[in-house]
Structures are given as C-alpha cells and as structure tokens.
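Engineer:
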Amino acid sequence: MTAAATRIPGAGRARARRRLEPIFWYILLSLVAVVTVFPFAWMLLTSLKGPTDEIFSVPPQLLPGHPTLANYGAVLDQLPVPKFFLNSIIVGVAVTILNVLVAALAAYPLAKLRFFGREAIFYLLLGTIIVPAQLTYIPSFVMAVNVFHYYDSLPALILPNLASAFNIFLLRQAFRGVPNDLMDAARMDGASELRIWWSILLPVIRPSLAAVAIFTFVTSWNDFLWPSLMLHTREGMTLPVGLVALQGFFSSDFRSIAAGVTMTVVPIIIFFMIFQRQFVRGLAGAVKG
Amino acid sequence: MTRRLSLTPYLFLVPALALVAIFVIYPIGAVVYYSFTEYDIITTPQWVGLKNYEHLIADPTFWKALTNSVVYLVATPIVIVLAILLALVVNRRLPGISLFRALYFVPAVSGSIAIGISWRWLFERNGMINSILISTGILHEPVQWLTNPDFVLPIAIMLTVWAGIGYYAVIFLAGLQNIPEELYDAARIDGCNDWQKHWHVSLPGLRPQIVFVAVISALAALKVFDEIYVLTNHTGGVLESGTTIVFYLWRQAFVLSHAGYASAIAIALLLVTLVFSIVLVRVLERGTEAA
Chain A
1 MTAAATRIPG AGRARARRRL EPIFWYILLS LVAVVTVFPF AWMLLTSLKG
51 PTDEIFSVPP QLLPGHPTLA NYGAVLDQLP VPKFFLNSII VGVAVTILNV
101 LVAALAAYPL AKLRFFGREA IFYLLLGTII VPAQLTYIPS FVMAVNVFHY
151 YDSLPALILP NLASAFNIFL LRQAFRGVPN DLMDAARMDG ASELRIWWSI
201 LLPVIRPSLA AVAIFTFVTS WNDFLWPSLM LHTREGMTLP VGLVALQGFF
251 SSDFRSIAAG VTMTVVPIII FFMIFQRQFV RGLAGAVKG
Chain B
1001 MTRRLSLTPY LFLVPALALV AIFVIYPIGA VVYYSFTEYD IITTPQWVGL
1051 KNYEHLIADP TFWKALTNSV VYLVATPIVI VLAILLALVV NRRLPGISLF
1101 RALYFVPAVS GSIAIGISWR WLFERNGMIN SILISTGILH EPVQWLTNPD
1151 FVLPIAIMLT VWAGIGYYAV IFLAGLQNIP EELYDAARID GCNDWQKHWH
1201 VSLPGLRPQI VFVAVISALA ALKVFDEIYV LTNHTGGVLE SGTTIVFYLW
1251 RQAFVLSHAG YASAIAIALL LVTLVFSIVL VRVLERGTEA A
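Which chain is which? The protein sequence lines are A and B, in order. No gaps in the numbering here: position 286 of the first sequence is 286 in our numbering, and each next residue is one more. So the mapping is simple: our numbering equals the position in the second sequence, first residue as 1, plus 1000.
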C-alpha cells in the first residue's frame, strides 16, 4: 500500500498518501482480525454443516452447503450445556463479588492506615502472588474431601478462590491514589473506618474495582484444572470441564464438537463486547505501576 | 498520623489473611511434608525421607518437563512485542476502531479449553492447516502436527501467544493513552519520525505496563497446563514432547496417585518460579532506576 502511495508523482503525493493511509491501516487491522477470529469462525461454520457437507477437504470448503442446526440439537440431547452455563455463572459471580470484597477490605488498611506489622503483612501477601496455584492442589484436594466435604460441588470452586493477593495489590495501588483529605474530613464528622471505606473510598476507586472484577470473572470463567479435579457429575460441571467432556463424548464428530464450542464461546464474546469500554477504562487506572 | 483505633486495621485484614492461611500457607507446608512421604491421597502418608527428591533428580521426564516449561517462557517476549505493536496500531483514531479492538479481545475471553479444542481440529492430519498448505502447493503431504514431537510445544506456545496478544494489547493501549500528548509534540519538534517517536516516547512511557505484563505472562507460562492437556489429548505428547512441569505434576498426583512424588515436583515448580521472579524483579528495579 505505501508503495502504491509513493508512485503517485509530484504535488498530489502527500494528499494521496493521506487518503491511502487509512486504507492501509484498515487492511492491516482486518488481517489481524482474520487471524484472531478465524478458528472460531471456522467452528461456527462447521457447526452449521450438514452430513453431506465436507469438513475435511482439499481445498477446504468454508461455507455450509446445506446449513442445519441439527448438530446443536445433538449436543443439547447428550449434554446439559445450559446447566454448564448456569454453573459457570454461579461460580463466576460468587467468586467475583466475594473476592473483590475481601481484596478491597484488605487493601484499605494496607494503603491508608498505620499499624504494627503493616509492611510484614503486605509482603507476606505479595509473596503469595508467585506461589503457583497448582502447588496447592494436592492439599486442597485432601481438604476438599476430608475437611470441607465439598468435593464434586460448586463451593469447591468458590471457597479456595476468594483471596487474591494480586487483586489486593491492585486495589492497594488504587486506594493510595485517593487524597487523604477526603478521609480526614469524614473522620472529623465521626464516621467509622468501615463507613469511610464503604461510602467514600469504594465509589472513588470504582474504575479499578470494575477492572479487578472483570479480571477475576474471566479467570474464574476459564479456570479448568482445579474444577476438573473437583467436578465429576455431569450436571455439576462448569463450561470448560463440560467442553472437555463433550470432546470426549463426540470424539470424532467434528460438527457436534464445533457446535458445542460455538455455543460456549459466543455468549461470552457478546458479554465482553458490551463491557469492553468499562474494561479498557478500568485497566487504564489499575495498571499505573 | 496517629491512630486512636488500634484493632480496626486488623479486622479489615482478617478475611483475606484467614483465606490465605487456609488455601496458600497451609498447603505449602503440607506439600513440603508430603514431598518427604509416599502418599496416594487416600491412605496415611508414609515418611520416606529424601527418596522422592533422589528419584526426581534421576527422572528424565522431570528434566524434560522442566526444560519444556523454561522453553515456554519465550512466549513472554514474543507476546510483549506483538501486543505493543498491536496497541500502537489500534491507538490510531480511525472510525470503527473499537470494533477491531473488541475482535482482538475475543481469544482472551473464550478460554484456553475452547481455544485448544478449536486449534486442535485445525491441526488435525486432515484439518484446515494441512488443507490450506496442500492446496496452495506449500506441502505435498499432510503433516502430523500434533503427533510430531518437534511441533507440539511450538504449537502450544503459538496458541498462548495468539490468545494473549489482544489481552495484553488492551493493557498497553491503556498505557499509551496515559502518555501526555505534549511529549509527542516535543519529539516531533525535535525532528523524530513516527518510529523514532514511538522508540523515544511510547516505549519508555509503557515501562510500568511492560513490567506488569512481563511478570504475569511469565508466571502464566511457567504454569501452562490447559493447552497441553487439550492439544495432546491429555497424554503430554509423543516422547513427553509437550509435558510441562504442571502437566507432569498433575499426572503424577491425579492420574498415577503418586501424591508424594508430585509434591516434590511441586516444590521444584515453586523454586523455579521463585528464581524467575527474583530475576524479573531485579530487571524491574534496574528498569525503574534508569527511568
């Protein structure tokens, strides 16, 4: 594209370049978009193909010749996909709300109050960021069976994920950006620390809370290894665990697997298209370093 | 700042500290203990001293897994460079740009399992990738991508990078939008072209985001499991070609019920993570001093 632009001679060159430049960018943007969306687009197209449509051919057949929803029916007949969704939503929402609440509570004194052991507690929490979660899975498994008795149930995915040192760290940064005058004025009026935290500080750091909440939700939504250890009853599975069950169930029926993947991916994509703006804005505030 | 309230700060911290104690601190202690025992998760652990660690040092699969996990770290610099380039592109004010940004974010939210399954079918023997390569004349014979030990790990790394670019680009984009416009104006007055402008203004301005992304993507790379699990159909690949530390830990603990031995692997994982974190923090500190 730039080569084409420079070929135009003389005075018109700059103007032509200005006109062609956006076209160059759009072509580049579209190419990247094709690369990012292609595997899912291929899944969507395959999921609509009938039994007579080619799925493995040279050259590849992109569009379904005889579009059908039968593959979706086959998946829904065999696996409780709506239940997978419901379970993922329950876990995601519970983890997000409680985790952000716990993190916001812990982050406030670490950012704004002086007390004995503050640095020690902060570095202890910070240190746990580098502890890989998988390290804890063996003892957590034993506890799930012997202590908490929540093996094969959703609380097993919620309770161990309620404290995130990472979220505490990000929210501490956010609290530190709030001027002390705000809190001092409220203290003069006799407000309790809990009240100051809830009605003055939390509203101020709302963009950071939103970013941390979205991070937490995506992580929970996509979490696989721990849920796969905990969940065995089909009705109780979350989406990623259910998808692996689906892959096993339909092993070589690519059309049905494609239908299953499409069903699970499309809603979350729509969800994030809607919240995209909050996400970008929240991130801008959260990662200032 | 003198405080009359003395107990309040601790009350705020109680929920977080209690959870961390139960689900992080205690498990670390338990894993250290299990690593000195023979344990199948069901019966009582039997103390065996250093046997698991002796076994570990002599276990070629462990070294293979460790190597694969360290190799996986190449995903970090690749994803950082590509995500910054993408952020620079989508930072332009073009109509419809937010649609593109949203599209690039699709892999980040769709989850590693859905991604792994989708790509696995693309890389099948008679899948899309071979089909395209054959019909364009690049290949004459289909390649067995996922059963060839040379390809499994690179494909998994490619998937991780592919899924991460849009995600991290959002972080870099946020960073770019925080850089004051005056700095770019000043660079323009000094006669910088587009590339020099980004080199002298954008890149230093993105330092906090680069550090952040380097840390989280490196920690994620050391813990890779899902992509390997799906791409190799939970085998770890031919000749353990895709086996990472976490994958090996999972197999020993939850497939073979060697929880004692798996605990020793977990300790090794912790040490490796610790070493890389210290290296990263060092680099981070040097970076901020220079800034």
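Just so you know, even glycine gets a beta-carbon here, dropped at the ideal spot from N, CA and C.
Counting contacts by CB-CB distance shorter than 8 Å, is A/M273 in contact with chain B?
Structural biologist: On the first sequence, position 273 is the one that residue 273 of chain A refers to. Yes, A/M273 counts as interfacial toward chain B.
Engineer: To the nearest angstrom, how far is it from the Cα of A/I121 to the Cα of B/P1009?
Structural biologist: In the first sequence, the residue the question calls residue 121 of chain A occupies position 121. In the second sequence, the residue the question calls residue 1009 of chain B occupies position 9. If I take the Cα positions, the gap works out to 11 Å.
Engineer: What in chain D is Cβ-close to A/Y108, meaning under 8 Å?
Structural biologist: No chain D appears in the structure shown, which is made up of the protein chains A and B.
Engineer: Is it true that the CB of A/L225 sits closer than 8 Å to the CB of B/D1226?
Structural biologist: Reading the second sequence from its first residue, position 226 is the one you call residue 1226 of chain B. Reading the first sequence from its first residue, position 225 is the one you call residue 225 of chain A. Yes, the pair counts as a contact, with Cβ atoms nearer than the cut-off.
Engineer: When the Cα atoms are used, what is the spatial distance from A/M188 to B/I1113?
Structural biologist: Working through the first sequence from its first residue, we reach residue 188 of chain A at position 188. Working through the second sequence from its first residue, we reach residue 1113 of chain B at position 113. A/M188 and B/I1113 have their C-alpha atoms roughly 53 Å apart.
Engineer: Expressed to the nearest angstrom, what Euclidean distance is found between the alpha-carbon atoms of B/V1089 and A/P207?
Structural biologist: Here residue 1089 of chain B corresponds to residue number 89 of the second sequence, with the count starting at 1. Here residue 207 of chain A corresponds to residue number 207 of the first sequence, with the count starting at 1. The alpha-carbon atoms of B/V1089 and A/P207 are separated by roughly 25 Å.
Engineer: I need the straight-line Cα distance from B/Q1177 to B/L1085, nearest angstrom please.
Structural biologist: Here residue 1177 of chain B corresponds to residue number 177 of the second sequence, with the count starting at 1. Here residue 1085 of chain B corresponds to residue number 85 of the second sequence, with the count starting at 1. If you take the alpha carbons of B/Q1177 and B/L1085, they lie about 14 Å apart.
Engineer: Counting pairs of beta carbons, one from the segment 242–260 of chain A and one from the segment 74–87 of chain A, are three or more of them closer than 8 Å?
Structural biologist: yes
Engineer: Given a limit of 7 Å on CB to CB distance, which residues of the segment 31–50 of chain A reach chain B?
Structural biologist: V32, A33, T36, V37, P39, F40, W42 and M43
Engineer: Please decide whether B/M1128 counts as near chain A, where near means a Cβ-Cβ distance under 8 Å.
Structural biologist: As a position in the second sequence, residue 1128 of chain B is number 128, starting the count at 1. Closer than 8 Å to some Cβ of chain A, the Cβ of B/M1128 qualifies, so yes.
Engineer: When you check each C-beta in the segment 1246–1259 of chain B against every C-beta of chain A, which residues fall closer than 9 Å?
Structural biologist: Contact annotation: in the segment 1246–1259 of chain B, residues whose CB is within less than 9 Å of a CB in chain A are V1246, L1249, W1250, A1253, F1254 and A1259.
Engineer: Within its chain, find whatever has a CB closer than 7 Å to the CB of B/A1259; leave out the 5 residues flanking it on each side and keep chain order.
Structural biologist: As a position in the second sequence, residue 1259 of chain B is number 259, starting the count at 1. For B/A1259, where only same-chain residues beyond five positions count, the Cβ hits under 7 Å are Y1034, Y1039, D1040, I1041 and A1253.
Engineer: From the DSSP output, in three-state form, read off A/E193 for me.
Structural biologist: Position 193 of the first sequence, counted from the start, is the residue given in the question as residue 193 of chain A. A/E193: helix per DSSP, three-state reduction.
Engineer: Tell me the DSSP secondary structure of B/E1181 in three-state form.
Structural biologist: The sequence position of residue 1181 of chain B within the second sequence is 181, counting from 1. Note: B/E1181 maps to helix in three-state DSSP.
Engineer: Using a Cβ cut-off of 8 Å, pull out every chain B residue sitting near A/E119, in sequence order please.
Structural biologist: Sequence index remark: in the first sequence, residue 119 of chain A carries index 119 (1-based). Simply none; closest approach about 13 Å.
Engineer: What number of angstroms, rounded off, separates the C-alpha of B/A1163 from the C-alpha of B/L1222?
Structural biologist: Sequence index remark: in the second sequence, residue 1163 of chain B carries index 163 (1-based). Sequence index remark: in the second sequence, residue 1222 of chain B carries index 222 (1-based). Each residue's alpha carbon lies about 16 Å from the other.
Engineer: Could you tell me which uninterrupted beta strand (DSSP E) segments, each at least 3 residues in length, are contained entirely in the segment 1131–1179 of chain B, listed from first to last along the chain?
Structural biologist: none
Engineer: Name the chain B residues whose beta carbon is nearer than 8 Å to that of A/Q78?
Structural biologist: For this step, residue 78 of chain A is matched to residue 78 along the first sequence. What A/Q78 touches in chain B: nothing, since even the nearest Cβ is about 16 Å away.
Engineer: Hey, is A/F24 close to the ligand FMN, as in C-beta under 7 Å from one of its heavy atoms?
Structural biologist: Summarising the ligand content, the structure contains no ligands, and the ligand FMN is consequently not present.
Engineer: Going by the beta-carbon positions, is the gap between A/I205 and A/A174 smaller than 8 Å?
Structural biologist: To locate residue 205 of chain A, count along the first sequence from 1; it is residue 205. To locate residue 174 of chain A, count along the first sequence from 1; it is residue 174. Contact flag set, yes.
Engineer: Any beta-carbon of chain B closer than 8 Å to the one on A/A103?
Structural biologist: On the first sequence, position 103 is the one that residue 103 of chain A refers to. Taking Cβ atoms only, chain B reaches closer than 8 Å to A/A103, which makes this a yes.
Engineer: Counting pairs of Cβ atoms below 8 Å between the segment 1191–1202 of chain B and the segment 1092–1111 of chain B, do you hit three or more?
Structural biologist: no
Engineer: Can you list, in chain order, the residues of its chain whose CB lies under 8 Å from that of B/L1017, leaving out five sequence neighbours each side?
Structural biologist: In the second sequence, the residue the question calls residue 1017 of chain B occupies position 17. Within the same chain, B/L1017 has no close Cβ partners at all.
Engineer: Step through the CB atoms of chain A and report whether any lies within less than 8 Å of the CB of B/F1151.
Structural biologist: Mapped onto the second sequence, residue 1151 of chain B falls at position 151. It does not: the Cβ of B/F1151 has no partner Cβ on chain A nearer than 8 Å.
Engineer: Nearest chain A C-beta to B/R1092 closer than 8 Å, yes or no?
Structural biologist: Residue mapping note: residue 1092 of chain B aligns to position 92 of the second sequence, counting from 1. Taking Cβ atoms only, chain A reaches closer than 8 Å to B/R1092, which makes this a yes.
Engineer: Give the interface partners of A/P60 over in chain B, defined as CB-CB distance under 8 Å, in chain order.
Structural biologist: On the first sequence, residue 60 of chain A is found 60 positions in, with the first residue counted as 1. Those within 8 Å of A/P60 in chain B are M1128, S1131, I1132 and S1135.
Engineer: Take every Cβ of the segment 1015–1029 of chain B, pair it with every Cβ of the segment 121–131 of chain A, and state whether three or more of those distances are shorter than 8 Å.
Structural biologist: Counting C-beta pairs closer than 8 Å gives three or more between the segment 1015–1029 of chain B and the segment 121–131 of chain A, which meets the contact rule.
Engineer: I want to see whether chain A comes within less than 8 Å of B/T1273, judged by CB atoms only; does it?
Structural biologist: On the second sequence, residue 1273 of chain B is found 273 positions in, with the first residue counted as 1. With 8 Å as the cut-off, B/T1273 counts as an interface residue toward chain A.
Engineer: Going by the CB atoms, is the gap between A/A107 and A/I158 shorter than 8 Å?
Structural biologist: Looking up residue 158 of chain A in the first sequence gives position 158. Looking up residue 107 of chain A in the first sequence gives position 107. It is not a contact, given that the beta carbons lie outside the stated cut-off.
Engineer: Check whether the segment 1206–1220 of chain B touches the segment 1123–1135 of chain B, counting contact only when three or more Cβ pairs, one atom from each stretch, lie closer than 8 Å.
Structural biologist: Inter-segment contact for the segment 1206–1220 of chain B and the segment 1123–1135 of chain B is absent: fewer than three beta-carbon pairs are separated by less than 8 Å.
Engineer: Look at the Cβ atom of B/S1241, then the Cβ atom of B/L1153, and state whether they are nearer than 8 Å.
Structural biologist: Counting from one through the second sequence, the residue named residue 1241 of chain B turns up at place 241. Counting from one through the second sequence, the residue named residue 1153 of chain B turns up at place 153. Closer than 8 Å, so yes.
Engineer: Are the CB atoms of B/L1239 and B/T1273 within a distance shorter than 8 Å?
Structural biologist: Along the second sequence, read from residue 1 onward, the residue named residue 1273 of chain B stands at position 273. Along the second sequence, read from residue 1 onward, the residue named residue 1239 of chain B stands at position 239. No. Outside cutoff.
Engineer: DSSP has B/W1047 in a bridge; who is on the other side?
Structural biologist: Working through the second sequence from its first residue, we reach residue 1047 of chain B at position 47. Its beta-bridge partners are B/T1037.
Engineer: Would DSSP call A/Y151 helix, strand or coil?
Structural biologist: If you number the first sequence from 1, residue 151 of chain A lands on position 151. It is coil, neither helix nor strand.
Engineer: If you reduce the DSSP assignment to three classes, tell me which class B/R1251 lands in.
Structural biologist: Here residue 1251 of chain B is taken as the residue at index 251 of the second sequence, counted from 1. Of the three classes helix, strand and coil, the one that applies to B/R1251 here is helix, per DSSP.
Engineer: To the nearest angstrom, how far is the alpha carbon of B/T1037 from that of B/N1130?
Structural biologist: Residue mapping note: residue 1037 of chain B aligns to position 37 of the second sequence, counting from 1. Residue mapping note: residue 1130 of chain B aligns to position 130 of the second sequence, counting from 1. So the alpha carbons of these two residues sit roughly 48 Å apart.
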